[in-house]
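S.K.: In the numbering used here, the protein residues as written are 22 to 314. Glycine included, C-beta positions come from ideal geometry on N, C-alpha and C.
1) Does the pairing of the segment 246 to 260 with the segment 279 to 287 give three or more beta-carbon distances under 8 Å?
2) How far does the beta strand (DSSP E) with residue 45 in it reach, from first residue to last?
3) Do you know whose CA, among 45, 55, 313, lies nearest residue 215's CA?
4) Less than 9 Å between the beta carbons of residue 155 and residue 61, yes or no?
5) Just curious, the alpha helix (DSSP H) that residue 90 is in, first and last residue?
6) When the Cβ atoms of the segment 45 to 53 are set against those of the segment 91 to 110, are three or more pairs found closer than 8 Å?
7) Go through its chain and collect everything with a Cβ distance to residue 34's Cβ below 8 Å, but skip five positions before and after it.
8) For residue 61, name the three-state secondary structure that DSSP assigns.
9) With 16 as the cutoff for other CB atoms within 10 Å, does residue 124 come out buried or exposed?
10) For the alpha helix (DSSP H) containing residue 184, list its first residue and its last residue.
11) For a test of the three-state rule: what should DSSP assign to residue 223, helix, strand or coil?
12) Report the rounded CA-to-CA distance for residue 259 versus residue 247, giving the unit in angstroms.
13) Please state the DSSP three-state secondary structure of residue 157.
14) Round the Cβ separation of residue 183 and residue 204 to the nearest angstrom and send it over; I've been treating them as touching at under 8 Å.
15) Residue 211 by DSSP, collapsed to three states: which one?
16) Does the Cβ-Cβ distance between residue 193 and residue 172 come in under 9 Å?
17) Strictly by DSSP, which residues pair up with residue 229?
18) Considering only C-alpha positions, which residue in the set 166, 208, 168, 138 is nearest to residue 180?
19) What is the DSSP secondary structure of residue 120, counted as helix, strand or coil?
20) Taking residue 138 as the reference, which of 88, 240, 69 has the closest Cα?
21) In the DSSP assignment, the alpha helix (DSSP H) including residue 146 goes from what residue to what residue?
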């Protein structure tokens, strides 16, 4: 999910109604995983996996995208779904760790089913969901039938959306991933579809975060925000131990750069720092014609 910038991001409450007439870039992969992990077999002897058709093919992703897209369109919102492309080489270690966790959960899931422990199996199932290439293709075909545009990114989906938003092709980027701000999205909207629901006993509201306001409020340049994120920890670097958002903010404002902070705190400068900065500040993106949106 990238870097958590919640503690330093001034947020304004928003809603679906407020986004009527807006072009909203949506992280398709994150959205799909929400459907796959929530719309699944929870019957007493269910395996916890996505809902399936009569032939055993998963359909949760299609049901979810159909309903959500119809809801957005009915509210006058213009969704543009952004699909991940090829993960950057810098993310290889993070992706390997995710695969290892999924394989471990798959083993527990299999053992739980064999033992008749369906509660444990359903718990593990949420950790082994996979949005397969076939599911991606099915989703894109559904969107084509609905007349809704979609884009396959060169690399990270939220980065592609951020680049398009910075060009004015999208009005906002809707994702839970804070990294969209690091990639330069002028406006990030979180909790869009959860607006008004309850989570842990509290009402959830959709939030809009303006990148320019965030930088001005904290007295940072975008380059410094990226350095701060690297200190906290991103998908490309685990971060510097003992430094969280608030401490990191004080340090970067006082010393200016990550290298200077590392020198003062006697920490090692992250490997491939220049490459990590580059991937946030100049992420590869495909060119999309306005006519295709």
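M.R.: A quick look at the data gives this:
1) Three or more Cβ pairs closer than 8 Å define a contact, and the segment 246 to 260 meets that threshold against the segment 279 to 287.
2) Looking at the DSSP string, the run of the beta strand (DSSP E) that includes residue 45 is 44 to 48.
3) Comparing Cα positions, the closest option is 55.
4) Cβ atoms of residue 155 and residue 61: not closer than 9 Å.
5) Taken as a continuous stretch (DSSP letters only), the alpha helix (DSSP H) holding residue 90 covers 81 to 95.
6) Touching, per the Cβ criterion.
7) Excluding positions up to five away in sequence, the list reads 226, 227, 228, 229.
8) Here residue 61 sits in strand by DSSP.
9) Taking every protein chain shown into account, the CB of residue 124 has fewer than 16 other CB atoms within 10 angstroms, so this residue is exposed.
10) 178 to 187 is the span of the alpha helix (DSSP H), which, as asked, contains residue 184.
11) Three-state result, residue 223: strand.
12) The alpha-carbon atoms of residue 259 and residue 247 are separated by roughly 14 Å.
13) The answer is helix: DSSP assigns residue 157 an H, G or I state.
14) Between residue 183 and residue 204, the beta carbon gap of about 4 Å places them in contact (Cβ cut-off 8 Å).
15) Of the three classes helix, strand and coil, the one that applies to residue 211 here is strand, per DSSP.
16) It is not a contact, given that the beta carbons lie outside the stated cut-off.
17) DSSP lists 33, 210 as partners of residue 229.
18) Residue nearest to residue 180 within the set 166, 208, 168, 138 is 208 (criterion: CA-CA distance).
19) In the structure shown, the three-state DSSP call for residue 120 is helix.
20) Selected option, being the one with the closest Cα: 69.
21) 139 to 146 is the extent of the alpha helix (DSSP H) around residue 146.
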